[in-house]
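First comes the structure, then the notes that go with it.
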Amino acid sequence: MTALDTFLGWLDVAAIAVFAASGALVASRKQMDAVGFVLMAVLTGFGGGTVRDLLLGRTPVFWLGAPELLAVCAGVAVLVFFTAHLLESRFRALLWADAVGLALYAVVGAEIALLAGANPWAAVLLGVATATFGGILRDVVCNEVPLILRREIYVTAAAAGAATLVVLQGQGVPRDTAVVAGLLVGFLIRAAALLRGWSLPSYRARPGRDYPDGA
Amino acid sequence: MTALDTFLGWLDVAAIAVFAASGALVASRKQMDAVGFVLMAVLTGFGGGTVRDLLLGRTPVFWLGAPELLAVCAGVAVLVFFTAHLLESRFRALLWADAVGLALYAVVGAEIALLAGANPWAAVLLGVATATFGGILRDVVCNEVPLILRREIYVTAAAAGAATLVVLQGQGVPRDTAVVAGLLVGFLIRAAALLRGWSLPSYRARPGRDYPDGA
Amino acid sequence: MTALDTFLGWLDVAAIAVFAASGALVASRKQMDAVGFVLMAVLTGFGGGTVRDLLLGRTPVFWLGAPELLAVCAGVAVLVFFTAHLLESRFRALLWADAVGLALYAVVGAEIALLAGANPWAAVLLGVATATFGGILRDVVCNEVPLILRREIYVTAAAAGAATLVVLQGQGVPRDTAVVAGLLVGFLIRAAALLRGWSLPSYRARPGRDYPDGA
Numbered sequence: 001m002t003a004l005d006t007f008l009g010w011l012d013v014a015a016i017a018v019f020a021a022s023g024a025l026v027a028s029r030k031q032m033d034a035v036g037f038v039l040m041a042v043l044t045g046f047g048g049g050t051v052r053d054l055l056l057g058r059t060p061v062f063w064l065g066a067p068e069l070l071a072v073c074a075g076v077a078v079l080v081f082f083t084a085h086l087l088e089s090r091f092r093a094l095l096w097a098d099a100v101g102l103a104l105y106a107v108v109g110a111e112i113a114l115l116a117g118a119n120p121w122a123a124v125l126l127g128v129a130t131a132t133f134g135g136i137l138r139d140v141v142c143n144e145v146p147l148i149l150r151r152e153i154y155v156t157a158a159a160a161g162a163a164t165l166v167v168l169q170g171q172g173v174p175r176d177t178a179v180v181a182g183l184l185v186g187f188l189i190r191a192a193a194l195l196r197g198w199s200l201p202s203y204r205a206r207p208g209r210d211y212p213d214g215a
Numbered sequence: 001m002t003a004l005d006t007f008l009g010w011l012d013v014a015a016i017a018v019f020a021a022s023g024a025l026v027a028s029r030k031q032m033d034a035v036g037f038v039l040m041a042v043l044t045g046f047g048g049g050t051v052r053d054l055l056l057g058r059t060p061v062f063w064l065g066a067p068e069l070l071a072v073c074a075g076v077a078v079l080v081f082f083t084a085h086l087l088e089s090r091f092r093a094l095l096w097a098d099a100v101g102l103a104l105y106a107v108v109g110a111e112i113a114l115l116a117g118a119n120p121w122a123a124v125l126l127g128v129a130t131a132t133f134g135g136i137l138r139d140v141v142c143n144e145v146p147l148i149l150r151r152e153i154y155v156t157a158a159a160a161g162a163a164t165l166v167v168l169q170g171q172g173v174p175r176d177t178a179v180v181a182g183l184l185v186g187f188l189i190r191a192a193a194l195l196r197g198w199s200l201p202s203y204r205a206r207p208g209r210d211y212p213d214g215a
Numbered sequence: 001m002t003a004l005d006t007f008l009g010w011l012d013v014a015a016i017a018v019f020a021a022s023g024a025l026v027a028s029r030k031q032m033d034a035v036g037f038v039l040m041a042v043l044t045g046f047g048g049g050t051v052r053d054l055l056l057g058r059t060p061v062f063w064l065g066a067p068e069l070l071a072v073c074a075g076v077a078v079l080v081f082f083t084a085h086l087l088e089s090r091f092r093a094l095l096w097a098d099a100v101g102l103a104l105y106a107v108v109g110a111e112i113a114l115l116a117g118a119n120p121w122a123a124v125l126l127g128v129a130t131a132t133f134g135g136i137l138r139d140v141v142c143n144e145v146p147l148i149l150r151r152e153i154y155v156t157a158a159a160a161g162a163a164t165l166v167v168l169q170g171q172g173v174p175r176d177t178a179v180v181a182g183l184l185v186g187f188l189i190r191a192a193a194l195l196r197g198w199s200l201p202s203y204r205a206r207p208g209r210d211y212p213d214g215a
């Protein structure tokens, strides 16, 4: 256990907590009971890291030996259950919790992939997978339109954060500096997308050439 | 192979068979052909146990070496294909098949997790995951509203069954007694939810504070 | 590395490329940006093979060590982003790309399962899983009705292709002949389904016995 492992470890816990909060907020949108809040918090909080561990072959997955992480998710879920009505907008809160988790997990996932010996491209992809799968699970299970389908920049922010980490480390920048830089890049891009509606040019069929489902 | 392993083994097969039936019943709702019935039966019947094995790192997964389990799913699917029209309500049958499978897999999943050395909390969570993932896969692939989103108690029943098993075994109660107790607790809670509409207090936004999607 | 491994390897890359194209075409239906195209291409292209590897316990999964496959998906995604508007119907193109991928992955997945020591039934099932999961992920994440729910033959084509391979090899037919035969059977059945609307008899509730959702 080095200081950095501990630092990464804390970022990991932070990602789990904010994703758990986003899961509990979706549970509030679906008017679930308290157990449903805990389930959605756990599913969203553990989802990304579980996919990462499965893809890397790191089993049993991390949370089987970590009851304290389960307590974090359950605690967040109960907190949201009793306080969500105080929020101005639960949907805005959900978007911001998701944004913080996205940046955290993109960087943590990419770093863990590098430590496991993945090549740089695979590390970026694994960072993106870690950052997005918890939210995808949350939205699919709850029958919501996945956030990645929304117009503002989303996946790009995760990819940029992970790529920043990977490139800086490849240039010899110390690990914790690279981690912080990746976090800032990922979060600031997503924050700009949320605050200013930033988006990349999207595909549009030319008028008159769009097609009905059965065309 | 002890007697209990055999007992657990039979419960496992029973869980697979009833979940396979629930999958085939959803296939009937979607008016699939016979091959679609088999696919949905296999997906639902094997889904929960497959997720459990992947999370524990038990690969190759159980059904790769067990053609007889595949035969069970296929047989159930064909049976449902030819007899489902005799049912008073296929949707009620689906709910009850799912309820039996939920109780069985919650207990079997938690027990297998304990045998694999998981801590008690993780064992309960793994029991819940084993019990719910087959149904989630079934509903998501078929574009149905997942049963876990319905108002009556669902996840709570699985968690209670798994927790009963884990707590009783922790108290030194013999394994098969604990298994039967867990099964009864899980099934009776879910049955009460289906018959009497039992539900826990669910989250409700205060009037006037609910929000539109983009708020 | 034998010649067949290379042949299988090429079929694998071809399956990844056509599924990547189908993913990018769905991204065009959802008017995503270029990064969304790449994500959908990667998710669909790698999805089936990833599920296959996880079920067999072959981790880390194949694409973590293969940046060239990532380049294939990204290249296909960019190509589709800039040329999809030239297509007569993007939905028809999606159906055909999916059909080619379905046949390829059914055979490749079954063969890899046999090489890993699976029994014949499990090999067919794993071929079907490999062939269908990329498309299921693509459609579920994008909130589209999964292709497997459509009326024309779909899963049956994958199962027939995989079964042809497994049966022929069991009869002592040389491996590459069996692979080509499986490919042809799988693709031609799916092609007939697309061109002529072939379907198997599907389940229908008798009139007056269908039921409302809550029945």
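Residue numbers (our numbering), protein chains in the order written: chain A, 1 to 215; chain B, 1 to 215; chain C, 1 to 215. Heads up, the beta-carbon is just placed ideally off N, CA and C, and yes, glycines get one too.
Please say whether I153 (chain C) and A193 (chain C) have beta carbons closer to each other than 8 Å?
Yes, these two residues count as a Cβ contact at 8 Å.
Do G47 (chain A) and G109 (chain A) come within 8 Å of each other at the CB atom, strictly closer than that value?
At a Cβ-Cβ threshold of 8 Å, G109 (chain A) and G47 (chain A) do not count as neighbours.
Does the count of Cβ pairs from the segment 53-63 of chain A and the segment 55-71 of chain B closer than 8 Å reach three?
Cβ pair count under 8 Å is three or more, so yes.
So, using beta-carbon positions, are V166 (chain C) and A123 (chain C) closer together than 8 Å?
A123 (chain C) sits close to V166 (chain C), with the two beta carbons spaced by under 8 Å.
Contacts of L149 (chain C) in chain B (Cβ-Cβ under 9 Å):
Going along chain B in sequence order, the residues near L149 (chain C) (Cβ under 9 Å) are K30, M32, G36, V141, C142 and N143.
Under DSSP, the alpha helix (DSSP H) around A162 (chain B) begins and ends at which residues?
Note, A162 (chain B): alpha helix (DSSP H), V155 to G170.
Proximity of V18 (chain C) and G134 (chain C) at Cβ, strictly below 8 Å
It is not a contact, given that the beta carbons lie outside the stated cut-off.
Which residue wins for smallest C-alpha separation from F91 (chain A), given the options A:V26, A:W121 and A:N119?
Cα-wise, what sits closest to F91 (chain A) is A:V26.
Let me know the alpha helix (DSSP H) ranges lying completely inside the segment 23-86 of chain C, each 4 residues or longer, listed in chain order.
You should have 34-56 and 67-83.
In or out: S22 (chain A) buried (at least 16 other Cβ within 10 Å) or exposed?
Taking all protein chains shown into account, S22 (chain A) has 16 or more neighbouring C-beta atoms within 10 Å of its C-beta and is therefore buried.
Please report whether the beta-carbon of W198 (chain A) lies at a distance below 8 Å from any beta-carbon of chain B.
Between W198 (chain A) and chain B, the shortest Cβ-Cβ separation is not below 8 Å.
Starting from S202 (chain A), follow its DSSP beta bridges and name the residues at the other end.
S202 (chain A) pairs with C:D33.
Cβ of L55 (chain B) less than 8 Å from any chain C Cβ?
Judged by the 8 Å Cβ criterion, L55 (chain B) is not in contact with chain C.
Chain-order list of residues whose beta-carbon lies under 6 Å from that of F37 (chain A) (same chain, five-residue window excluded):
Excluding sequence neighbours, F37 (chain A) sits near A24, A27, A77 and F81.
In whole angstroms, give me the CA-to-CA distance for A163 (chain B) and M32 (chain A).
Distance between the alpha carbons of A163 (chain B) and M32 (chain A) is about 21 Å.
Classification of R204 (chain B) by the beta-carbon crowding that lies within 10 angstroms, buried from 16 upward
Exposed, because fewer than 16 other Cβ atoms sit within 10 Å of the Cβ of R204 (chain B).
In chain order, what residues of the same chain have a beta carbon less than 6 Å from the beta carbon of A178 (chain A), not counting five sequence neighbours either side?
Here the set comprises L165, L168 and Q169.
Work out the CA separation of S89 (chain B) and A215 (chain C) for me, nearest whole Å.
In this prediction, A215 (chain C) has a pLDDT of 37, which is less than 50 and means its spatial position is unreliable; nothing more can be read from the coordinates.
What are the residues in the segment 72-86 of chain A lying within 8 Å of chain B by C-beta distance?
Within the segment 72-86 of chain A, contact with chain B at the beta-carbon level (separation under 8 Å) is assigned to F81, A84 and H85.
State the Cα-Cα distance for the pair R175 (chain A) and L115 (chain A), rounded to the nearest angstrom.
Those two C-alpha atoms are separated by around 11 Å.
Examine chain C for any beta-carbon lying closer than 8 Å to the beta-carbon of V13 (chain B), and answer yes or no.
No, its Cβ sits nowhere closer than 8 Å to a Cβ of chain C.
From the beta carbon of P120 (chain B), is the nearest beta carbon of chain C less than 8 Å away?
False, the Cβ-Cβ gap to chain C never drops below 8 Å.
Spatially closest choice to L69 (chain A) from A:D139, A:I189, A:D12 and A:W121, by CA coordinates:
Ranking the options by Cα distance to L69 (chain A), first place goes to A:D12.
For T59 (chain C), go through chain A and note every residue whose CB falls closer than 9 Å to its CB, in chain order.
What T59 (chain C) touches in chain A, judged by beta-carbon distance under 9 Å, is L54, L55, L56, G57, R58 and T59, going in chain order.
Straight-line CA distance for G186 (chain B) to G161 (chain B)?
The alpha-carbon separation between G186 (chain B) and G161 (chain B) amounts to approximately 4 Å.
Among residues of its own chain, excluding the 5 on either side of L183 (chain C), which ones have a beta-carbon nearer than 6 Å to its beta-carbon?
Take L183 (chain C), set aside five residues on each side of it, and the residues of its chain with a beta-carbon closer than 6 Å to its own are A103 and V107, in chain order.
Counted within 10 angstroms of its Cβ, other Cβ atoms place L86 (chain A) as buried (16 or more) or exposed:
By the 10 Å Cβ count, L86 (chain A) comes out exposed.
Where A178 (chain C) sits in the DSSP three-state scheme:
Collapsing the DSSP output to three states places A178 (chain C) in a helix.
Of all the CB atoms in chain B, is at least one closer than 8 Å to the CB of W96 (chain A)?
Taking a beta-carbon distance threshold of 8 Å, W96 (chain A) does not count as an interface residue toward chain B.
Of the residues C:A41, C:N143 and C:P120, the one placed nearest Q171 (chain C), counting alpha carbons only
Among C:A41, C:N143 and C:P120, the Cα nearest to that of Q171 (chain C) is on C:P120.
Drop a sphere of 10 angstroms on the beta-carbon of R190 (chain C), count the other beta-carbons inside from all chains shown, and report buried for 16 or more, exposed for fewer.
R190 (chain C) is buried by the Cβ-count criterion.
Interface partners of I112 (chain A) on chain C, CB under 9 Å:
The CB of I112 (chain A) never comes closer than 9 Å to any CB in chain C; the least such distance is about 12 Å.
Is any beta-carbon of chain C found at less than 8 Å from that of I16 (chain A)?
For I16 (chain A), not one C-beta of chain C is nearer than 8 Å to its own C-beta.
Identity of the residue in A:L64, A:M40 and A:Y105 nearest W10 (chain A) by Cα:
Measuring from the Cα of W10 (chain A), the nearest candidate turns out to be A:Y105.
Closest Cβ-Cβ distance between G109 (chain B) and chain C: below 8 Å?
Nearest CB-CB separation between G109 (chain B) and chain C: not below the 8 Å threshold.
Go to R90 (chain B), then tell me how far its alpha helix (DSSP H) extends in each direction, as first and last residue.
R90 (chain B) -> alpha helix (DSSP H) spans R90 to L115.
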